[in-house]
Structures are given as C-alpha cells and as structure tokens.
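S.K.: Just dropping this structure here.
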Amino acid sequence: MGEYRQLFDASVADPCAFWAQAARAVTWTRAPRRILDDSHPPFYRWFPDGELNTCANALDRHIEARGDQAALIYDSPVTGTQRVYTYRELLDATARFAGVLRDLGVGKGDRVVLYMPMIPEAVIAMLACARLGAVHSVVFGGFAAHELATRIDDAQPVAIVSASCGIEPTRVVDYKPMLDHALGLASHKPAACVIVQRDKHTCDLVSGRDIDWTSAMASAEPVDPVPVAATDPLYVLYTSGTTGKPKGIVRDNGGHAVALLWSMRHIYDIDAGDVFWAASDVGWVVGHSYIVYGPLLAGATTVLYEGKPIGTPDPGAFWRVVAEHGVKALFTAPTAIRAIRKEDPQASHADRYDLSGLKYLFQAGERLDPDTYAWATEKLGVPVVDHWWQTETGWAIAANPMGVQHLPLKAGSPTVPMPGYDVRILRVDGSQCEPNEEGAICISLPLPPGTLPTLWGDDARYEASYLCEHPGYYLTGDGGYLDEDGYLFVMGRIDDVINVAGHRLSTGSIEAVLAAHPAVAECAVIGVADEIKGQVPRGFVVLKAGASAEGLAEELVAAVREEIGAVACFRLVDVVPALPKTRSGKILRKTMRGIAHGKDEPVPSTIEDPTVLETLKPILQGP
Numbered sequence: 005m006g007e008y009r010q011l012f013d014a015s016v017a018d019p020c021a022f023w024a025q026a027a028r029a030v031t032w033t034r035a036p037r038r039i040l041d042d043s044h045p046p047f048y049r050w051f052p053d054g055e056l057n058t059c060a061n062a063l064d065r066h067i068e069a070r071g072d073q074a075a076l077i078y079d080s081p082v083t084g085t086q087r088v089y090t091y092r093e094l095l096d097a098t099a100r101f102a103g104v105l106r107d108l109g110v111g112k113g114d115r116v117v118l119y120m121p122m123i124p125e126a127v128i129a130m131l132a133c134a135r136l137g138a139v140h141s142v143v144f145g146g147f148a149a150h151e152l153a154t155r156i157d158d159a160q161p162v163a164i165v166s167a168s169c170g171i172e173p174t175r176v177v178d179y180k181p182m183l184d185h186a187l188g189l190a191s192h193k194p195a196a197c198v199i200v201q202r203d204k205h206t207c208d209l210v211s212g213r214d215i216d217w218t219s220a221m222a223s224a225e226p227v228d229p230v231p232v233a234a235t236d237p238l239y240v241l242y243t244s245g246t247t248g249k250p251k252g253i254v255r256d257n258g259g260h261a262v263a264l265l266w267s268m269r270h271i272y273d274i275d276a277g278d279v280f281w282a283a284s285d286v287g288w289v290v291g292h293s294y295i296v297y298g299p300l301l302a303g304a305t306t307v308l309y310e311g312k313p314i315g316t317p318d319p320g321a322f323w324r325v326v327a328e329h330g331v332k333a334l335f336t337a338p339t340a341i342r343a344i345r346k347e348d349p350q351a352s353h354a355d356r357y358d359l360s361g362l363k364y365l366f367q368a369g370e371r372l373d374p375d376t377y378a379w380a381t382e383k384l385g386v387p388v389v390d391h392w393w394q395t396e397t398g399w400a401i402a403a404n405p406m407g408v409q410h411l412p413l414k415a416g417s418p419t420v421p422m423p424g425y426d427v428r429i430l431r432v433d434g435s436q437c438e439p440n441e442e443g444a445i446c447i448s449l450p451l452p453p454g455t456l457p458t459l460w461g462d463d464a465r466y467e468a469s470y471l472c473e474h475p476g477y478y479l480t481g482d483g484g485y486l487d488e489d490g491y492l493f494v495m496g497r498i499d500d501v502i503n504v505a506g507h508r509l510s511t512g513s514i515e516a517v518l519a520a521h522p523a524v525a526e527c528a529v530i531g532v533a534d535e536i537k538g539q540v541p542r543g544f545v546v547l548k549a550g551a552s553a554e555g556l557a558e559e560l561v562a563a564v565r566e567e568i569g570a571v572a573c574f575r576l577v578d579v580v581p582a583l584p585k586t587r588s589g590k591i592l593r594k595t596m597r598g599i600a601h602g603k604d605e606p607v608p609s610t611i612e613d614p615t616v617l618e619t620l621k622p623i624l625q626g627p
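Everything in the sequence shown is counted per the working numbering, starting at 5 for the first residue and increasing by one.
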C-alpha cells in the first residue's frame, strides 16, 4: 500500500498541508491563505478566506485548451435522441441561462429549486445557478407534490426551473400538475417558474408566473461568473429525515471543488479529455458530484443518460453507451448490474459491443454483494471497484484509489479509507473495536473538504443527527469493521443489526450468503420480532430469469446455517417477484421492517414503484 499509505498518512498527520496542495488544482479569484477554520468545533470551514466561482472552474477555464472538446454527451434512448455539447457550447448556454435567472431577480445567495428530468437543461440550470453565486436545490423529477412543497418552503426559492414532463420507458410523467399542486400547498410562493417544453408532451403555462425556456433563452444576455466565498453554499440537497422534515445537506463551493477534482484524478483515474459516465440522476448526490461537477472540473467529458439499464431497449443498453461514446469509467449502483444480470445472465448482450475502451466499473449506493462483484468482474474483464460514501459526504469515504495505486480487491469491501477520512470503528461506549470486530463506523473530525459543513438553516439538527453520539466523531449511521489489513467492510445501517437471543448479527452478512446462491438475483434480510429470541432474521429473495424456486428456501436456510451458524436462527425466507426500492436503487428495508411489525408505514417519497410494496405487504404481515 506504499503510494496510497503515503497519501493517507499525510492527510491525517497534516490535513492543512495536504489540502492546501490539492487546492492548487483549482482556479481561485482569491487563493486561500488560511486552509482550515477550526475555531468553532464541531463546526469546521475549509479555505475560509478563499474566493472562486464553481461554474468558471467547470467551464470557463477550459475554453482556451479544450473549447471544442465534448463536455456533455446527452444520450436518451427513451426519446431516441442524442446531442453533444462542446465546452464552448455548454458555456454559452449556461451563461445565457444565468442571464435569464438574473433577469428574474436571482442573485448571489438566492435559492433556485430545480424539478427536472435527465435533460441537458438540468445541467445548464445547475451550472447557471453556480455562475450567479446562487444556491440550487434539485428535487428528483416526479417527486410527489407534498414532498416538493416541503422543500420549496424550506429552501425559499426565488424561482423554480422545471419541465413539462419526464419520460419513462413505458409512460410519460406529467410534471406540471405536480408542480402546480406543490405551489398551491407551499406557503412560500416563488415569483417565477421557467418551464422546458418537451416534444413528447407540452403543458399549459400560468400567465404572469410561468416562462417558456426557449423564449427566455432567445433574448437572454450572457452573464460573467460571480466570485463567491469558498464557504458560501453551492447547493442544498434534501434527504428524507426521520422527523418528517427533510434534511437539507449543504455543500460549499471551495471544499467541494477541491475534493471533487482530487477524487476524479486519484480515485477514478480520470484526466482531461477522458469520458466518464455516472449512470445516476441529477436528483441524487451522485448526479451532482459525478454527472455535473466532477467531470467538468477535471476537463473530462460527461455522459447524461435518460434511460434504464434494461428495457431501453434491452439489457445491452449500458454496453451500447459505453461503446458508442468511448467511456473509460462507468459508475453505477449494484442494483443496475443485478438487473442486467437477471435479464442476461450470460452477458450475451455485452458481446455485441466493443468494450475495449472501458477500464473500470465503479459501484456505490448500496452494498456490492460478492456474487454481483464476481459476475461483473468475469463478464467485463476490468476492475470492479466498490466504493462507499453518502449524500452527506459528497465523495468517497472508502475506495480503491485507481489513479494512485491499484490495491488488491476484496469482495464485499469498498477497500480503504480515502485521504482525509480518519475512519474508526467504535463500540457503544465509544471505545475502539479490534480488527474484524463490528461496530459503528465513525470518522474523526474535522471531515475533509467537500463534506457537509451543516444542515440548511439547522445547526442544532446537524449536531444532533451526526455529532452527539460520539463527541469528536461524525456518525455515519452504518455499521461494519476494519480487517487486519485496514480494509473497511460496511455491513449496513446500524439499525440493520439485529439481536438474536443476545447475539448481535448483521443482516448484511446473511444477505451475502443468500446472494451467493446461483438462483438469487437480489435479496433483503430484515429482523422481525420473536417471542423467544427477541428478534430473528427473515429473508426475501428475487429469482434470476429462468431459475426455479423449488427447494430454494431449504437450500438458503442450510447455506446460512453453514456459513454463519445455527445462532442466526434463519428459517424464514420468501421468494418474491421484486423488492421495494428507492429511485436510486436502495432497498427499503426500514419500511419493510415497519410493515412486518404491524406499523402503518407511510410510502416513502423516494420509492421507485409503490405497487411492489403493496404486493409485498401481505407477505410481510403474514407468519
């Protein structure tokens, strides 16, 4: 681990020197002389006297050297269209839309809510906000009106940018009625809404409030980038909070630019001119960090994909995009790879395309089970790099730094902590766990640049949510362990640890056994109440295409007994047609637990397909 270890040790021994060096890759309007403000712990601020503009770093500074290089490739199988924006073209559109927003009264520090599908205008709007020094808050297109309204009330936007519709493989999602309903529910009333009218479906505009994107752009004057303090917010991204009030994760400008630029080169091995594809959505943190900002900060080409891993039109969709656009690194969630594998277990669709340019498959968003890791490694013949991070951190806590050193891969592990993340595994009493002993995954403060400095308008909630459990540490909410080589294993949320007759077991470890069975496409394990043992695990599995359920339950029970032991008391397993997931691919285990325990569990706003949960309810509520 020589090169990696040298970098990591330097980041922990002298964080200021390490990040001062990294900050030199960013173009500042006023270079920071002070690297870390640690005068008000547990609140820390990176580069407090620095000044920059994130949009200028993503676009303007590349024009002289690579103005005619592709900056953004829009590939939309659901509409059958593609478009390439050079850096010069993307800058022109962004500067003009910044002019549109400025004419609507948007200025430095003002908020703009974006409620957008995966179209180039979403990227342009984000960058235009950054250009003005305004704060964007992207809400996943298609979110329910009530959820959108709560975010509008919290962010208090001057304007909203939306579109007439989103387009799914089998349906058109009419955004405008949901937006109008949300604005009716919200106490805060933005003065203006800019609407992108899509060819597939247009909508009626409200006179005096709604503005057509194309018409506004036709007469817009371009705007120069507005310098902002490094500590000023770039965006607010909401996550569902346990209190019902959404948590607004704040991302600052300076630390964000420094961290993402460092990560593109050192984690993803991406340099200027390379093609990078994060198969996510701009509504999620992956879309913010690695569709929009990270690749453009690095001078790379980014892919914006409006489609699915399967069904648009087939399980070869991802491989077509990789081959057509020369993608060097693909970043997606394991659920996408599992979906492809379920439909095409022999990867015959991959054989139709020239994938020789693909060097890496990066996985994040949920635990990469060893079986999916092994399948992707065999079929693609490239490193399959698991890495782990959160909306709150904005970039990887643990990864394999492919631009520094290719460390040996261990199935089930996102490899090692990245520079700046001093990861500790803590017991309930705050003492440190031994190697291979499971506990709460925590990070010593201060967190590195690019991570959240606080929650939007709620410092107290930030402290209560993340910093109070173990003073001096950030609580990730996940449990796991570090092995004797320093590799991190993330076993799931802390509340996914169950207590079976006094034995603490991770449901993630049981899921790993189930996922290894050749008939299982994906699975989930939850803890359910038991009169005798307190809790017992219960499994749910989805079959691969063509697999038989006959005798499967008995085989899975036997496998868990063999791998984990009788102490797991694993006897309940159901074969189900699908598992309820968020749009980002995370299985809704908490919701499943609540239903199994007889609670009137609300349907999460982030759910991909509510009918899956309805189908599963009778099974969850049964014996």
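Ideal Cβ placement from N, Cα and C applies to all residues, glycine included.
If you compare alpha carbons, which of A138, L509, I123, V494 is closest to A570?
M.R.: Checked all of A138, L509, I123, V494; the closest Cα to A570 is L509.
S.K.: Can you tell me where the beta strand (DSSP E) holding H2 begins and where it ends?
M.R.: The question about residue 2 has no answer, for the chain in this structure spans 5 to 627.
S.K.: Between I164 and C197, is the Cβ-Cβ spacing less than 8 Å?
M.R.: Yes, the Cβ-Cβ distance between I164 and C197 is below 8 Å.
S.K.: Out of L209, A195, P194, state which residue places its alpha-carbon closest to the alpha-carbon of Q201.
M.R.: Of the listed residues, the one whose Cα sits closest to Q201 is L209.
S.K.: Report all residues from its chain with a CB closer than 7 Å to the CB of K204; omit the five preceding and five following residues, and keep chain order.
M.R.: Result list for K204: T83, C169, I171, V176, in chain order.
S.K.: Report all residues from its chain with a CB closer than 6 Å to the CB of C59; omit the five preceding and five following residues, and keep chain order.
M.R.: Closer than 6 Å at Cβ, skipping near neighbours: L131, A134, R135, P229.
S.K.: With distances taken from CA atoms, which of P387, S80, I128 is nearest K312?
M.R.: Of P387, S80, I128, the residue nearest in Cα terms is S80.
S.K.: At what residues does the alpha helix (DSSP H) containing S211 begin and finish?
M.R.: Element bounds for S211: n/a, residue is neither H nor E.
S.K.: Quick check: what's the CA-CA separation for I445 versus A516?
M.R.: Taking the straight line joining both Cα atoms gives about 19 Å.
S.K.: How big is the Cα-Cα spacing for A222 and P608?
M.R.: A222 and P608: Cα-Cα distance of roughly 40 Å.
S.K.: Using the rule of at least 16 other Cβ atoms within 10 Å of the residue's Cβ for burial, across every protein chain shown, is G555 buried or exposed?
M.R.: Exposed, because fewer than 16 other Cβ atoms sit within 10 Å of the Cβ of G555.
S.K.: For the segment 399-437, list the alpha helix (DSSP H) runs that are entirely contained and at least 4 residues long, ordered along the chain.
M.R.: Whole alpha helix (DSSP H) segments, 4+ residues: zero.
S.K.: So, P173 versus G315, is the Cβ gap smaller than 8 Å?
M.R.: Yes, these two residues count as a Cβ contact at 8 Å.
S.K.: Suppose contacts are defined by Cβ-Cβ distances below 8 Å. Is W281 in contact with Y309 by that definition?
M.R.: Yes, the Cβ-Cβ distance between W281 and Y309 is below 8 Å.
S.K.: Under 8 Å between the Cβ atoms of H4 and I156?
M.R.: As shown, the chain starts at 5 and ends at 627. That puts residue 4 outside it, with no answer to give.
S.K.: Since V279 and V307 are thought to touch, with beta carbons under 8 Å apart, how far apart are those beta carbons, to the nearest angstrom?
M.R.: Right, their Cβ atoms sit about 7 Å apart.
S.K.: With a 10 Å radius around its C-beta and 16 neighbouring C-beta atoms as the bar for buried, classify A17 as buried or exposed.
M.R.: Counting Cβ neighbours within 10 Å, A17 comes out exposed, since fewer than 16 surround it.
S.K.: Tell me which residues share the same chain as M422 and place their Cβ nearer than 6 Å to its Cβ, disregarding the 5 neighbours each side in the sequence.
M.R.: For M422, where only same-chain residues beyond five positions count, the Cβ hits under 6 Å are A400, A403.
S.K.: By Cβ distance, which residues of its chain are closer than 8 Å to S588, with the 5 residues on each side in sequence left out?
M.R.: Only S284, D285, W288, V290, A337, G369, T610 meet the Cβ criterion.
S.K.: Can you say whether D275 is buried or exposed, counting buried as having 16 or more other CB atoms within 10 angstroms of its CB?
M.R.: D275 comes out exposed.
S.K.: Buried or exposed: K112, going by 16 or more other Cβ atoms within 10 Å of its Cβ?
M.R.: Answer is exposed; the Cβ neighbour count stays below 16.
S.K.: Could you name the residues that DSSP lists as bridge partners for L334?
M.R.: L334 is bridged to W281, L365.
S.K.: One question on the structure: do Q160 and R115 come within less than 8 Å of each other, judged by their Cβ atoms?
M.R.: Yes. Within cutoff.
S.K.: Take P45 as the anchor and find which of P522, P450, M495 has the nearest alpha-carbon.
M.R.: Here the closest residue by C-alpha is P450.
S.K.: Give the single residue among R37, D96, N257 whose Cα lies nearest to the Cα of G298.
M.R.: Measuring from the Cα of G298, the nearest candidate turns out to be N257.
S.K.: Go through its chain and collect everything with a Cβ distance to D53's Cβ below 7 Å, but skip five positions before and after it.
M.R.: Hits under 7 Å: P36, R37, R38.
S.K.: Grab me the residues of T206's own chain with a C-beta within less than 7 Å of its C-beta, minus the 5 sequence neighbours each way, in chain order.
M.R.: Here the set comprises S168.
S.K.: For G78 versus Q409, is the C-beta spacing smaller than 8 Å?
M.R.: Note that residue 78 corresponds to Tyr in the displayed sequence, not to Gly. No, the Cβ-Cβ distance between Y78 and Q409 is not below 8 Å.
S.K.: Could you tell me which residues DSSP pairs with K599 in its beta bridges?
M.R.: At residue 599 the sequence reads Ile, which differs from the Lys that was named. In the DSSP output, where bridge partners are listed per residue, I599 has none listed.
S.K.: In chain order, what residues of the same chain have a beta carbon less than 7 Å from the beta carbon of V254, not counting five sequence neighbours either side?
M.R.: P237, V240, L456, P457, T458, L459, W460, listed in sequence order.
S.K.: Take H521 and list the residues in its own chain whose beta-carbon comes closer than 7 Å to its own, dropping the five residues that flank it on each side.
M.R.: So the list reads E559, L560, A563, once near-sequence residues are dropped.
S.K.: List the whole-angstrom C-beta distance separating D375 from A519, where the pair is believed to meet the contact cut-off of C-beta under 8 Å.
M.R.: Contact holds; Cβ gap of about 5 Å.
S.K.: For V389 and Y179, what's the separation of their Cα atoms in angstroms?
M.R.: Rounded to the nearest angstrom, the two C-alpha atoms are 36 Å apart.
S.K.: Drop a sphere of 10 angstroms on the beta-carbon of E618, count the other beta-carbons inside from all chains shown, and report buried for 16 or more, exposed for fewer.
M.R.: So E618 counts as exposed.
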